[in-house]
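In my numbering, the protein residues as written are 2 to 555.
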């Protein structure tokens, strides 16, 4: 998630909260059928009606969510958590010999064996810049003196230097440094007075304090929520983004702090050093992962909260995404863990501009591809064309330029009542973005046991597609990952009007912004799936896990 700050206007414009809504819309608008409701949803009830009419039976599907963590006690999620049947909870022994002790519901690759967890991290561009500056210095060497590998590094160094040094705005940085201490001071008072560590604008509407700093923080947060048409923007999200942007600015003169190194204590330079982390998949940062997980599979028809898209899934949380840029090694290892432990679909709502160890991620993607596992990835929230702008991880293999056949990249759509059919923050690409799916004002589970709220972003569009893919696989279990991708793209419905190019006021056909030229539609997808003969090979069920030679005690 990204929040931009315009210092002259004292205004936040958050990528995940930036889409203006012009009217009240149903909480489940994104699941509705346009013909029946007028909203550009995915026709989910219509899909279930089709399934019921065909008298289809479901087979349970495991969906891994690589994210920030999950509220394992949430009323709409706790009963659908994936459970490692071969692991005895809490005995400190690696019962199933897969290298991970007590991995009952997933694994945390941002944790230490002592129970501590990485919360925040640096910007990948800063890490790249610092490492290559130490190697090449301030003077870029001539190409004639470099090997092919070094030439690639130098190009990467130039790009990182431009991002870190060339794009730092001193006035904005000074504004952030002035803003943050006052916000933190008032935040501390508010947290104490309302007895909540994380709060949003709804919590503040009736909040009254005699403390001046608290009232300034309250007024500022309410201003931001009003500007972004969402009461779900929280104190934690603002603070995380403020601190993250300051870390970026500091990278021009200082090496980024190694947040991960002391806690995780693996060898970051060795992809084969895989057995690190801890079992704490909730940690202290579960908002994003909890929200994404609920979209996919929150328990249906239980009279609580929301209806997840898929009705027979088990959610595996693999924590690998901090407040900041994720590390390539953690993502590669997370994908491998998910595949080895039976995930059939992996939802990935994260991204960054640099991927120095992309070959490691590529190897993991190939592994998933060989096992028939579908990877669904968010396109990003920068209103950029990713045909020409980097957004990692990506499905294009570094060594041969070919694309993974098991990968779907998702842009975010909305509705005219939320501002526009295409979300104004969404990345797009005629070649690189496969489909658009609802990602504006999506109501889902949030931490707190029984809490729900809205969020927006391609981070939300991604699990909408992952949930739909899971629904397809439940009722058509012989479909391969390649077929799931084909169905989702082929069944996408082109809007009957031109759409706005994100970040502009220009109009074009959606076919100019994504491969399919359409919006995700679950009903059309299940109809198409019913006509196909599946070609899934039975490899995942019989997949041998990585094993170690003996039990490890924690």
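Yeah, the Cβ is synthetic: ideal placement off N, Cα and C, and Gly gets one too.
Just so it is clear, the structure is predicted and the values come from calculations on it, not from any experiment.
Using DSSP with H/G/I as helix, E/B as strand and the rest coil, what is residue i?
{"i": "residue 83", "result": "coil"}
{"i": "residue 536", "result": "coil"}
{"i": "residue 445", "result": "strand"}
{"i": "residue 278", "result": "coil"}
{"i": "residue 9", "result": "No answer about residue 9 holds up, because its pLDDT of 28 lies below 50 and its placement is not dependable."}
{"i": "residue 489", "result": "helix"}
{"i": "residue 324", "result": "strand"}
{"i": "residue 23", "result": "Because the pLDDT at residue 23 is just 43, under 50, the model does not fix this residue reliably, and the value given afterwards should be weighed accordingly. Here residue 23 sits in coil by DSSP."}
{"i": "residue 300", "result": "coil"}
{"i": "residue 239", "result": "helix"}
{"i": "residue 73", "result": "coil"}
{"i": "residue 505", "result": "coil"}
{"i": "residue 319", "result": "strand"}
{"i": "residue 404", "result": "strand"}
{"i": "residue 52", "result": "helix"}
{"i": "residue 198", "result": "coil"}
{"i": "residue 139", "result": "coil"}
{"i": "residue 40", "result": "coil"}
{"i": "residue 363", "result": "helix"}
{"i": "residue 148", "result": "coil"}
{"i": "residue 429", "result": "strand"}
{"i": "residue 216", "result": "helix"}
{"i": "residue 209", "result": "coil"}
{"i": "residue 513", "result": "helix"}
{"i": "residue 67", "result": "strand"}
{"i": "residue 45", "result": "helix"}
From the options, pick the residue whose C-alpha is nearest to that of residue i; which is it?
{"i": "residue 88", "options": "78, 77, 79 and 100", "result": "100"}
{"i": "residue 78", "options": "91, 507, 64 and 86", "result": "64"}
{"i": "residue 80", "options": "223, 497 and 300", "result": "300"}
{"i": "residue 134", "options": "241, 157 and 329", "result": "157"}
{"i": "residue 459", "options": "321, 289, 239 and 146", "result": "289"}
{"i": "residue 122", "options": "256, 411 and 298", "result": "256"}
{"i": "residue 508", "options": "253, 527 and 496", "result": "496"}
{"i": "residue 265", "options": "116, 240 and 206", "result": "116"}
{"i": "residue 91", "options": "513, 516 and 281", "result": "281"}
{"i": "residue 272", "options": "244, 402 and 337", "result": "337"}
{"i": "residue 504", "options": "492, 382, 408 and 510", "result": "382"}
{"i": "residue 485", "options": "294, 537 and 195", "result": "537"}
{"i": "residue 450", "options": "75, 312, 346 and 207", "result": "75"}
Does the distance from the C-beta atom of residue i to that of residue j stay below 8 Å?
{"i": "residue 296", "j": "residue 464", "result": "yes"}
{"i": "residue 52", "j": "residue 521", "result": "no"}
{"i": "residue 380", "j": "residue 374", "result": "no"}
{"i": "residue 525", "j": "residue 494", "result": "yes"}
{"i": "residue 119", "j": "residue 277", "result": "no"}
{"i": "residue 426", "j": "residue 384", "result": "yes"}
{"i": "residue 475", "j": "residue 59", "result": "yes"}
{"i": "residue 414", "j": "residue 440", "result": "yes"}
{"i": "residue 366", "j": "residue 339", "result": "no"}
{"i": "residue 332", "j": "residue 67", "result": "yes"}
{"i": "residue 467", "j": "residue 62", "result": "no"}
{"i": "residue 377", "j": "residue 411", "result": "yes"}
{"i": "residue 103", "j": "residue 93", "result": "yes"}
{"i": "residue 183", "j": "residue 217", "result": "yes"}
{"i": "residue 83", "j": "residue 113", "result": "no"}
{"i": "residue 1", "j": "residue 329", "result": "Past the boundaries of the shown model lies residue 1; the chain is included only from 2 to 555, so the question cannot be answered."}
{"i": "residue 26", "j": "residue 498", "result": "no"}
{"i": "residue 446", "j": "residue 343", "result": "no"}
{"i": "residue 200", "j": "residue 235", "result": "yes"}
List the residues that DSSP assigns as beta-bridge partners of residue i.
{"i": "residue 353", "result": "393"}
{"i": "residue 62", "result": "314"}
{"i": "residue 98", "result": "None, per the DSSP bridge assignment."}
{"i": "residue 378", "result": "349 and 410"}
{"i": "residue 520", "result": "437 and 494"}
{"i": "residue 454", "result": "445"}
{"i": "residue 108", "result": "319"}
{"i": "residue 423", "result": "414"}
{"i": "residue 386", "result": "429"}
{"i": "residue 1", "result": "Outside the displayed span of the chain (2 to 555) sits residue 1, for which this structure offers no information."}
{"i": "residue 500", "result": "509"}
message: Contact between the stretch 385–396 and the stretch 338–355 is defined here as three or more beta-carbon pairs at a separation below 8 Å; is this criterion met?
response: Output reads yes: the stretch 338–355 touches the stretch 385–396.
query: So does the stretch 479–492 actually touch the stretch 524–538, counting three or more Cβ pairs closer than 8 Å?
result: The answer is yes - the stretch 524–538 touches the stretch 479–492, with three or more Cβ pairs under 8 Å.
field: Three or more C-beta pairs below 8 Å linking the stretch 141–156 and the stretch 172–182
entry: The stretch 141–156 makes no contact with the stretch 172–182; the number of CB pairs closer than 8 Å stays below 3.
- prompt: Between the stretch 308–323 and the stretch 235–254, do at least 3 Cβ pairs fall closer than 8 Å?
  reply: Contact fails between the stretch 308–323 and the stretch 235–254, because fewer than three Cβ pairs, one in each stretch, are under 8 Å apart.
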